[in-house]
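Here the structure is laid out as structure tokens; the discussion comes afterwards.
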Amino acid sequence: LKMFVPTAKVADIIQFVVETVKKADAAACPPIILGIGLGGTFESCPLLAKRALTRELGTKNPDAYYADLEQQMLTAVNATGIGPAGYGGKTTALAVHINAAPCHIASLPVAVNIQCHADRLVKIFL
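Start counting the sequence shown at 391; every next residue gets the next number (the numbering used here).
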């Protein structure tokens, strides 16, 4: 979670997301899915990010602005070259999902929730 000022540029927010992914590196078990919370309060923003992870993979935010921002973030994260399992490659993230909420005029919280490979496994027991 990082508290930005409301005048933060989109590039600053994308850079924060990319730096968060770089810090996690291979420990996040890429390819990852990112849930991003924008706005709300200090407490609610991480919950927005967590809930963003529950959106069906491959769907876009219904708001065109946030759908475009999701794509910009996905492109920037995949440009890190971390790749699957941290061995390098083009696919560090499978998706970026954003949930947004109104926030106080003096702050802009941004939360990043990284869903790792372990959360995407399915087992069928017969």
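Here a beta-carbon is modelled for each residue, glycine too, at the ideal position from N, C-alpha and C. Bear in mind that the values here come from a model prediction, so they are computed numbers and not experimental data.
Those residues which DSSP pairs with residue i across a bridge
i      : result
Val502 : Ile426
Asn489 : Gly427
Ala483 : Ile422
Run of the beta strand (DSSP E) containing residue i, from where it starts to where it stops
i      : result
Phe394 : Lys392 to Phe394
N- and C-terminal bounds of the alpha helix (DSSP H) containing residue i
i      : result
Leu437 : Ser434 to Ala442
Ala457 : Ala454 to Asn468
Ala414 : Val400 to Ala414
Classification of residue i by the beta-carbon crowding that lies within 10 angstroms, buried from 16 upward
i      : result
Val395 : exposed
Ile495 : exposed
Val400 : exposed
Gly505 : Looking at the sequence itself, residue 505 is Gln, so the reference to Gly does not match. By the 10 Å Cβ count, Gln505 comes out buried.
Pro452 : exposed
Thr410 : buried
Ile492 : Reading off the sequence shown, one finds Pro at residue 492, where the question assumed Ile. With fewer than 16 other Cβ atoms within 10 Å, it is exposed.
Ala416 : exposed
Leu459 : buried
DSSP three-state assignment for residue i, whether helix, strand or coil
i      : result
Gly473 : coil
Ala417 : helix
Query raised in the report: Are the segment 427 to 442 and the segment 471 to 485 touching by the rule of at least three beta carbon pairs closer than 8 Å?
Result: no
Query raised in the report: At a cut of 8 Å, does the segment 416 to 425 reach the segment 462 to 473 through at least three beta carbon pairs?
Result: Yes, the segment 416 to 425 is in contact with the segment 462 to 473.
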